[in-house]
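K.L.:
My questions will all concern the structure given below.
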Amino acid sequence: MADRVRVGPEGLAGAVVEALNEARDLTEEALKRAIDKTASQTVADTKQAAPVKTGAYKRGWRSKVTERLSGRGAYGKTVHNRTRYRLAHLLQHGHGGPRPARAYPHIPSDVETEALLTQNIEREMRKG
């Protein structure tokens, strides 16, 4: 429940700005937690579904912070394979050539990741 604050007409603008800044900070924190949770869930799902030959490709999945502009609130993470990044596209989509290889779809689609992010944002915003 929000705290009640009594202000006079001359202090109304300052109180509104303060309340909006507090709401912005809470929203940014919730978004960061939701983005972190989504990235870690996507890494775990991709590792679980990744094909295994030696295990190096499966162990290589990571997430990293890709955007952090101070003062502007931009924050993002990228899920990638740090060790065998060249294989990701070939395994996901297969390839032709003299010795064609079939596709092993294991990377979640953007639609699935967006739905997961939306769900995590809603959950974090409800927490408060």
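Position one of the sequence shown corresponds to residue 2 (my numbering), numbered consecutively onward. Don't be surprised by glycine CBs; every beta carbon is placed ideally from N, CA and C. Just so you know, these numbers come straight off a predicted model, no measurement behind them.
1) Would you call the CB atoms of P109 and T43 closer than 8 Å?
2) Find the nearest neighbour of V80 within the set L92, N121, T47, judged by alpha-carbon distance.
3) The alpha helix (DSSP H) that contains K59, what's its start and end?
4) What's the C-alpha gap between Y58 and S64?
5) Need the endpoints of the alpha helix (DSSP H) that A75 sits in, please.
6) Rounded to a whole number of angstroms, what is the C-alpha to C-alpha distance between V6 and A24?
7) Going straight from the alpha carbon of M2 to that of N82, what length do you get?
8) Just verifying my parser: in three-state terms, what is the DSSP assignment at S64?
9) Assuming E125 contacts A31 (C-beta within less than 8 Å), just tell me the rounded distance between them.
10) Out of curiosity, what's the CA-to-CA distance linking V18 and D37?
11) Taking only the alpha-carbon atoms, compute the straight-line gap between G12 and Y76 and give it to the nearest angstrom.
12) Can you tell me whether A45 is buried or exposed? The criterion is at least 16 other CB atoms within 10 Å of its CB, across all chains shown.
13) Can you list, in chain order, the residues of its chain whose CB lies under 6 Å from that of K33, leaving out five sequence neighbours each side?
P.N.:
Let me lay it out:
1) As a position in the sequence shown, residue 109 is number 108, starting the count at 1. As a position in the sequence shown, residue 43 is number 42, starting the count at 1. Yes; because the gap between Cβ atoms is below 8 Å, this pair is in contact.
2) Along the sequence shown, read from residue 1 onward, the residue named residue 80 stands at position 79. The shortest C-alpha separation from V80 is found at T47.
3) Position 58 of the sequence shown, counting from 1, holds the residue named residue 59. Following the DSSP letters along the chain, one finds K59 inside the alpha helix (DSSP H) bounded by residues 57-60.
4) Sequence index remark: in the sequence shown, residue 58 carries index 57 (1-based). Sequence index remark: in the sequence shown, residue 64 carries index 63 (1-based). Computed Cα separation, rounded: 14 Å.
5) Counting from one through the sequence shown, the residue named residue 75 turns up at place 74. A75 -> not in any alpha helix (DSSP H); beta strand (DSSP E) instead, spanning 75-82.
6) Here residue 6 corresponds to residue number 5 of the sequence shown, with the count starting at 1. Here residue 24 corresponds to residue number 23 of the sequence shown, with the count starting at 1. Each residue's alpha carbon lies about 15 Å from the other.
7) Here residue 2 corresponds to residue number 1 of the sequence shown, with the count starting at 1. Here residue 82 corresponds to residue number 81 of the sequence shown, with the count starting at 1. For M2, the pLDDT reaches just 46, beneath the cut-off of 50, and the residue's location in the model is therefore unreliable, although a value from the coordinates is still provided. Roughly 44 Å separates the two Cα atoms.
8) Reading the sequence shown from its first residue, position 63 is the one you call residue 64. S64: strand per DSSP, three-state reduction.
9) In the sequence shown, counting from the first residue as 1, residue 125 sits at position 124. In the sequence shown, counting from the first residue as 1, residue 31 sits at position 30. At roughly 4 Å, the Cβ-Cβ gap stays under 8 Å, so E125 and A31 are in contact.
10) Position 17 of the sequence shown, counting from 1, holds the residue named residue 18. Position 36 of the sequence shown, counting from 1, holds the residue named residue 37. Rounded to the nearest angstrom, the two C-alpha atoms are 29 Å apart.
11) One-based indexing of the sequence shown puts residue 12 at position 11. One-based indexing of the sequence shown puts residue 76 at position 75. So the two alpha carbons sit approximately 33 Å from each other.
12) Locating residue 45 in the sequence shown gives position 44, counting from the first residue. So A45 ends up on the exposed side.
13) Position 32 of the sequence shown, counting from 1, holds the residue named residue 33. Excluding residues within five positions, the ones whose Cβ falls inside 6 Å are Y76.
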